[in-house]
Structures are given as C-alpha cells and as structure tokens.
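From first to last, the protein sequence lines are chains A and B. Residue numbers for the first sequence follow our numbering, so the first one is 14 and each next one is one higher. Residue numbers for the second sequence follow our numbering, so the first one is 5 and each next one is one higher. The structure appears below as structure tokens.
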Amino acid sequence: MNKTIIININGIVFHIEEDAYEVLKSYMTDVKRHFMNSADSLEITTDIENRIAEMFNELLANDNKQVIVEQDVKSVIEQMGTVEDFEHAEEDTKASFTDTYYNADTRRLFRDPDDHLVSGVCAGIANYFDIQAVWIRLAFALTFFFFGTGLILYIILWIVIPKAITRSDRMAMKGEKLNLQGFKKNFEEEMGSMRNNLSDFGHEARPFVYKARDFTGDFFHHLGVFFGGAAQLLLKLIGVLIILTCAGFLIFFTVGFIALLSVGYFGPFHDLPYEIIRHHHADYIFSAAFIVAVIPIISIMLLVFKGIFNVGGIGRTTGTTVLIIWLCAIGVFIFNVVGIASEFRSHASVVETIALKPTKNNIYYIKLNELKYFSAEDSTRLNIKNLSPNMKIADDDDNDFESFYHRNIRLNIETSDTDQPVLIKSSRARGPYYEDAFNNARNIKYIFNQQDTVLKFDQRFYGRNDELWHNEEVDLTLKLPMNAKVIIDRDMDRISDLRVWDCNNINKRDNDKVRSATFTMTNNGLQCKVDTLVTDTIIRKHLPADSSNIKVK
Amino acid sequence: MIVENTQTQMRKGVLEYCILSTIAKGEIYASDIIAELKKAQLLVVEGTLYPLLTRLKNNGLLSYNWVESTSGPPRKYYVLSEEGKKVLEQLDKTWQELSYAVQTSIGDRKVK
Chain A
14 MNKTIIININ
24 GIVFHIEEDA
34 YEVLKSYMTD
44 VKRHFMNSAD
54 SLEITTDIEN
64 RIAEMFNELL
74 ANDNKQVIVE
84 QDVKSVIEQM
94 GTVEDFEHAE
104 EDTKASFTDT
114 YYNADTRRLF
124 RDPDDHLVSG
134 VCAGIANYFD
144 IQAVWIRLAF
154 ALTFFFFGTG
164 LILYIILWIV
174 IPKAITRSDR
184 MAMKGEKLNL
194 QGFKKNFEEE
204 MGSMRNNLSD
214 FGHEARPFVY
224 KARDFTGDFF
234 HHLGVFFGGA
244 AQLLLKLIGV
254 LIILTCAGFL
264 IFFTVGFIAL
274 LSVGYFGPFH
284 DLPYEIIRHH
294 HADYIFSAAF
304 IVAVIPIISI
314 MLLVFKGIFN
324 VGGIGRTTGT
334 TVLIIWLCAI
344 GVFIFNVVGI
354 ASEFRSHASV
364 VETIALKPTK
374 NNIYYIKLNE
384 LKYFSAEDST
394 RLNIKNLSPN
404 MKIADDDDND
414 FESFYHRNIR
424 LNIETSDTDQ
434 PVLIKSSRAR
444 GPYYEDAFNN
454 ARNIKYIFNQ
464 QDTVLKFDQR
474 FYGRNDELWH
484 NEEVDLTLKL
494 PMNAKVIIDR
504 DMDRISDLRV
514 WDCNNINKRD
524 NDKVRSATFT
534 MTNNGLQCKV
544 DTLVTDTIIR
554 KHLPADSSNI
564 KVK
Chain B
5 MIVENTQTQM
15 RKGVLEYCIL
25 STIAKGEIYA
35 SDIIAELKKA
45 QLLVVEGTLY
55 PLLTRLKNNG
65 LLSYNWVEST
75 SGPPRKYYVL
85 SEEGKKVLEQ
95 LDKTWQELSY
105 AVQTSIGDRK
115 VK
C-alpha cells in the first residue's frame with residue numbers, strides 16, 4: 014500500500030505515488046534551474062512539462078492503470094534526458110565559442126579552511142579567481158608596507174567573508190557543480206591530494222636543475238594567471254572602496270540626523286534668526302531628509318555586495334516597499350521645501366527716519382550696545398527680575414555661533430546736508446505675500462539710543478517671538494553734519510566697515526590697547542584723523558592704493 | 005578531446021539543418037521530430053530539442069499551431085515560416101557544396 018498524491022501538470026490531473034512524486038519534483042526543479050538563465054525559460058519548461066504529461070497519459074493507457082509509479086517517472090526522464098545530458102549538449106556550444114570557458118560566475122567567495130596561513134582569506138580569494146593562493150598572499154604582504162592598508166583590508170575581508178564549512182560550501186568556493194558528479198569529483202580530489210602528499214617525498218629528491226626549470230616555468234605560468242586575476246581583483250577593490258565610502262556617508266548622515274533631532278532648539282533669545290522650520294514640523298522634515306539620503310546609499314552598498322561578492326541582495330517585495338518608502342519621504346521632503354521656499358516669495362521694505370539731537374561741540378561717540386534685551390515673555394519665563402543685583406548675564410556674542418547673523422545689520426555713515434544729524438533705518442523682509450512681507454519688515458525691532466554725544470547701536474535686532482526667519486535685514490544710514498568729530502569704537506566693525514583698525518595703524522597706535530579711533534566728517538565722507546606726529550613716510554607705507562580719503566592734518 | 009570537439013561541432017551544424025528539413029516535410033509534432041532524429045542518430049534525449057525549437061521559432065524560422073490531443077494536453081505542431089523556407093533553401097545549397105567538398109577531399113581514400 015502506497016500513499017498517492019494528486020498533481021496537476023498544465024491542467025491535467027494525475028495520481029502519483031509519493032516517492033515517484035519526489036523524483037519528478039527534483040527533476041523538474043533541476044530542469045527549471047537549468048533553463049533559468051535562458052530568455053525562453055518559461056516556454057521551454059512548459060513544453061517539457063506538456064510532453065511529460067502526454068507521456069504519463071500514454072503510459073497509463075498502455076498499462077491500463079491509474080497511478081504513476083517511480084518506474085514510470087524514471088522511464089520518462091530517460092526519454093526526456095537529464096540535466097547532465099542538456100549540459101553536455103550546451104557545453105560543447107560554449108566551448109566552440111570560447112576555448113576557455115571561465116565559470117567564475119558560479120563560484121562563491123568563502124574563506125578556505127583547508128588551505129590557510131591565518132584565516133584562509135587569501136586562499137579563498139585565490140579559489141574564487143582560480144589562481145594560486147601564493148600570489149594573493151604576496152599581494153597582501155606587499156600592501157602591508159603601504160601604511161598597513163592591506164592589513165585593514167585583510168581584517169575587513171576576514172569579517173565579511175564567511176568560512177566554507179560544509180562540503181557544498183567548499184565546492185561552491187571552487188566553482189564545482191553542486192550535483193552528485195561534483196560531489197564524486199570533490200571526494201576523489203581529496204583522496205588524490207592525500208596520495209600526492211605521500212608521493213611528494215619522491216619530488217623532494219629531484220635534482221636542483223629540474224627544480225629550477227620547474228620554477229621558471231611555474232613562475233611565468235602563474236604570472237600570466239596572476240595578471241588575469243589582477244583585473245578582477247581591482248574590480249573587487251573598487252567595490253570595497255565604494256562600500257567603505259557609502260559606510261562613511263551613512264555614519265555622517267546618521268550622526269547629523271541625531272544631532273539635528275536633539276539640538277533643534279536655539280535657546281531663549283528670540284533674536285534672529287528664528288528657525289525657518291516650525292518647531293513641531295522640524296522632526297518630520299529631518300526624518301524625511303534622512304530617509305531620502307540613506308536609502309540610496311544602502312541600496313548602492315547592497316548592490317555592490319551582490320555584484321561583487323554575490324552575497325546579500327534585496328528581494329523584490331522588500332525592494333518595492335523600500336522604493337515606496339523612499340518616494341513617500343521624497344514627497345514629504347519636497348512638499349515641505351516648497352512650503353519653506355514660498356515663505357520667501359514677496360519682498361517688502363520700510364524706511365524710517367529718526368531725528369537725532371545735535372550735540373553742542375559737534376562731537377559724536379559711536380558705540381556698540383553691549384546689552385541684550387529679553388522679550389517680556391522670556392524675562393518672565395526666565396525670571397530675570399528676581400536675579401540678584403550682583404548677578405549679570407555674561408554672554409560673549411563673539412563666541413556665540415549666532416554672531417554669524419550680525420551681517421544682517423549694516424551701518425553707513427554719510428555727510429548730512431544740514432546741521433541736523435539723522436538716522437535712516439531701512440528694514441527689509443520677505444514673506445509669502447506682500448502683506449506678510451510688509452508686516453515682517455515692520456515688526457523688526459531695532460534698538461538704538463542716544464545719550465547726549467553717545468550714539469549706541471545694537472548689534473542685533475528683534476522680532477516677534479513666534480515668527481519664523483524671513484531674511485530680515487536692517488540698513489542703517491547715519492547722517493552727520495560737516496566737520497563733526499566722530500569717535501568710533503572698534504567693536505563697531507561687527508556691523509559696519511568703518512576702518513577703525515586701519516586708522517589706528519596709520520597713527521601707529523597699538524590696536525590691542527586703543528579701542529577707538531577719531532574720524533572727521535568731510536565732503537567726501539568720513540576721514541581718518543591722522544596725528545601730526547606721524548611722518549609722511551609712515552603714512553605712505555600704510556596707505557592703501559586709493560589713499561584719497563585720508564587727510565594729513 | 006579535439007576529436008570529440010570536432011564531432012560535436014559537425015553534429016551541431018547539421019542538427020539545425022536536419023530539424024528544418026524534417027519540419028519542411030509537413031506539419032509535425034515535437035516528439036515525431038525526435039523520432040526522426042533518433043532514427044538518424046543525431047539526438048538521444050527529447051529535452052535538448054525544446055530549447056532548439058524555441059530558438060528557431062523566436063528567430064522567425066518556425067511557427068506552430070495548437071492541435072487538440074486525445075492523450076493529454078494540446079500539442080504544438082511546427083511548420084516552416086516563409087523565412088524558414090528561404091533559409092532552408094540556402095542551407096540546401098550550402099549542404100550540396102559541403103557534400104561535394106567532403107566527397108572530393110575523401111577521394112579514393114577508403115572510409116570504413
């Protein structure tokens with residue numbers, strides 16, 4: 014009594030005994046695998062299946078029985094031919110096209126445990142390219158001298174390449190076919206190598222001349238093989254380089270991403286810039302950008318792994334899923350970038366003229382306001398009022414990375430037509446529509462104050478707490494009357510390009526000690542006031558090419 | 005090895021010619037082709053024929069018709085296409101030339 018299975022070959026139903034089924038199944042698997050690389054694989058295998066179904070029908074009709082047994086399957090296979098028969102027919106064709114049919118593409122990279130000095134990496138690579146292990150070892154030994162690059166590569170390969178453990182691993186490593194014939198060959202080789210080892214005693218006793226002849230013959234033979242392998246090896250090395258580069262980028266993006274997520278918020282001062290991204294949106298955008306960047310990198314790495322070492326690879330479903338995730342991420346990213354960009358569509362500027370009090374002796378001190386202002390909201394939140402009287406907030410703006418944004422304020426000093434000094438404040442900003450841009454420009458709060466002769470300029474401006482950055486800029490034009498004596502602090506360099514430093518140099522003053530310089534307002538604008546003690550030679554030495562605006566008193 | 009190689013080369017070249025010739029006699033089923041070729045001792049197993057037929061069909065030399073069968077799935081009956089006929093004519097000519105060349109070169113030498 015035997016168990017039968019019902020099978021369906023292209024629409025025709027058969028009863029088949031279990032062991033017969035196993036034989037048939039493994040045969041069909043072999044056939045399909047054999048034709049797998051052919052473009053017409055489906056058509057050929059369907060033809061073969063149909064023919065098998067027909068032969069089964071004939072067998073059943075002839076013997077007048079209902080169930081297919083193992084013998085039937087065997088006779089059908091005999092008539093159809095085994096995969097070895099097909100191979101025999103095809104190998105000849107291949108041999109006729111290229112005399113040396115190189116079957117490295119069927120090989121896999123393993124570490125060779127049978128032939129190793131350290132871990133079998135070199136022997137494994139040698140097996141892969143079908144060359145002698147000694148050449149790979151020599152190449153590695155040489156690269157050890159180039160700053161140890163070979164050593165690092167060796168260790169990476171040691172980690173990456175799996176060890177050949179089973180017999181089938183070893184056969185795949187040497188590119189032998191994974192069927193019974195292959196196993197037999199493999200086994201015979203092992204026996205053969207044992208015999209060789211025994212007979213090696215005889216070889217050792219050969220005269221030196223023969224050895225030398227063998228050596229030169231071997232040398233040139235292996236050299237030829239070596240250069241053939243070297244090209245392939247170079248390809249692999251490039252692959253490894255690509256993988257390492259990708260790994261570097263991957264680490265860079267991951268660190269950047271984590272840093273952005275954890276350091277998203279810029280302290281209590283709502284001076285510009287605010288972020289250009291609303292805070293609760295930021296994480297989405299960073300995540301989307303991270304995915305957009307990282308998925309292609311990982312794909313490249315996997316592809317290179319697959320292409321070069323024939324390990325890894327992405328399944329179709331995984332690939333599709335990842336592609337969809339990537340497209341979604343790119344969608345989110347582009348949507349947000351367009352949103353951010355649209356915030357900068359329109360432009361508006363507001364000009365305000367502030368009349369200053371003229372000073373009696375026409376002397377003006379221009380200084381940078383060191384004070385920082387908290388908004389009402391922030392001072393409540395930070396409880397500034399209850400700060401003890403002896404305590405001060407001591408932040409040095411120069412060390413702050415926000416100092417970068419001082420460039421958004423520019424101060425120019427010009428000659429006034431009248432005796433009345435004025436400050437013209439021009440604020441500019443952008444926004445999605447003119448209305449918003451106008452409001453953004455108008456909301457810029459720039460603090461300036463005059464205490465008699467001292468004009469104090471802030472080095473920053475302020476906006477509303479919840480506002481995003483809209484490329485706000487403030488241009489200041491200070492118009493002073495003719496012949497005014499202007500003493501400018503060197504700190505003003507931060508928001509203007511008044512040449513305090515140069516002026517002190519001309520006067521041979523030590524810029525480390527003297528913090529300000531004196532200028533005079535003339536028809537041509539502000540001029541450095543040069544001390545009478547300084548001689549002409551020194552002036553020439555320090556004068557820039559366009560020396561017209563420097564006057565000797 | 006060299007002998008074997010030459011033999012297979014010769015056989016391969018002739019095989020396609022024989023397949024086309026067999027089909028040229030009229031609409032024919034794949035296993036009948038194999039029967040003919042087996043008779044001529046050119047092919048041993050059926051499996052090797054299918055890839056060849058598929059290739060010839062894809063090259064436009066053959067076409068096939070589905071014919072219902074009493075003993076199994078419908079069968080593909082192969083016929084020569086117009087192009088196939090032209091190719092066959094050329095092959096016929098080449099074969100005549102080859103045959104003549106071989107005969108001449110063998111000459112009086114006795115072939116067992």
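C-beta: ideal position from N, C-alpha, C; glycine also. If you're wondering where the values come from, they're calculated on a predicted model, not measured in any experiment.
Residue contact with chain A for Tyr-54(B): present (Cβ-Cβ distance below 9 Å to some residue of chain A).
Note that the stretch 449-460 of chain A touches the stretch 352-365 of chain A; at least 3 beta-carbon pairs, one per stretch, sit closer than 8 Å. When only Cα atoms are considered, Thr-533(A) and Ser-440(A) end up about 28 Å apart. Taking a contact as a CB-CB distance under 8 Å, the pair Tyr-167(A) and Phe-153(A) counts as one, their CB atoms being some 6 Å apart. Segment contact: the stretch 343-353 of chain A against the stretch 295-306 of chain A, three or more CB-CB distances shorter than 8 Å; contact assigned. Per the Cβ contact rule, the stretch 462-473 of chain A is not in contact with the stretch 512-519 of chain A (fewer than 3 Cβ pairs under 8 Å). The DSSP-derived three-state label of Trp-148(A) is helix. Per DSSP, reduced to three states, the secondary structure at Trp-70(B) is strand.
Secondary structure of Arg-113(B) (DSSP, three-state): coil. A distance below 8 Å between beta-carbons, with the five flanking residues on each side excluded, links Thr-535(A) to the following residues of its chain, in chain order: Thr-428, Met-495, Asn-496, Lys-564. In this structure the stretch 87-97 of chain A lies against the stretch 60-70 of chain A, because at least three pairs of beta carbons, one per stretch, are closer than 8 Å.
By the criterion of a C-beta distance shorter than 7 Å, Tyr-21(B) is surrounded in its chain by Leu-95, Trp-99, once the five residues flanking it on both sides are discounted. Counting along the chain, the unbroken alpha helix (DSSP H) around Ser-39(A) starts and ends at 31-48.
In this structure Ile-61(A) is in contact with Gly-51(B), their Cβ atoms being roughly 6 Å apart against a cut-off of 8 Å.
Contact annotation for Asp-98(A) against chain B: Val-48, Val-49, Gly-51, Thr-52 [CB-CB distance below 8 Å, chain order]. Per DSSP, reduced to three states, the secondary structure at Phe-461(A) is strand. Annotation: Met-68(A) is outside any beta strand (DSSP E); the continuous alpha helix (DSSP H) that includes it extends over 54-76. As DSSP reads the structure, Asn-382(A) sits in a beta bridge with Asp-471(A). For Phe-322(A), there is no enclosing beta strand (DSSP E), since its DSSP letter is neither H nor E.
By the CB criterion at 9 Å, Val-96(A) and Ala-33(A) fall outside the cutoff. Our two residues, Thr-58(A) and Thr-333(A), have alpha carbons roughly 28 Å apart in a direct line.
Distances from the alpha-carbon of Asn-524(A) to those of Asp-502(A), Gln-540(A), Asp-510(A) put Asp-502(A) closest. Rounded to the nearest whole angstrom, the CA to CA distance from Ala-244(A) to Pro-445(A) is 58 Å. The C-beta of Met-49(A) comes no closer than 9 Å to any C-beta of chain B. Val-106(B) is not a Cβ neighbour of Gly-94(A), given a cutoff of 9 Å. One Cα belongs to Ile-178(A), the other to Gly-137(A), and the distance between them is close to 12 Å. Setting aside the 5 residues that flank it on each side, Ala-146(A) is surrounded in the same chain by Asp-128, Cys-135, Ala-136, Ala-139, each with a C-beta closer than 7 Å to its C-beta; the list follows chain order. By the rule that beta-carbons nearer than 9 Å mark a contact, Thr-95(A) touches chain B. Cα atoms of Ile-298(A) and Asn-462(A): separation of roughly 41 Å, rounded to the nearest angstrom. Nearest Cα to Val-435(A) within the set Ala-442(A), Arg-455(A), Tyr-377(A): Tyr-377(A). Two segments are said to touch when three or more pairs of C-beta atoms, one from each, lie closer than 8 Å; by this definition the stretch 312-332 of chain A touches the stretch 250-268 of chain A.
Residue state for Met-534(A) is assigned as strand, using DSSP reduced to three classes.
At a cut-off of 9 Å, the C-beta of Gly-230(A) has no neighbouring C-beta in chain B. Scanning its chain for C-beta atoms nearer than 6 Å, with the 5 sequence neighbours on each side dropped, one finds around His-483(A) the residues Ala-442, Arg-443, Gly-444, Asn-453, in chain order. Assignment of Arg-441(A) by DSSP, reduced to helix, strand and coil, places it in the strand class.
Looking at the DSSP output, Thr-12(B) shares a beta bridge with no other residue.
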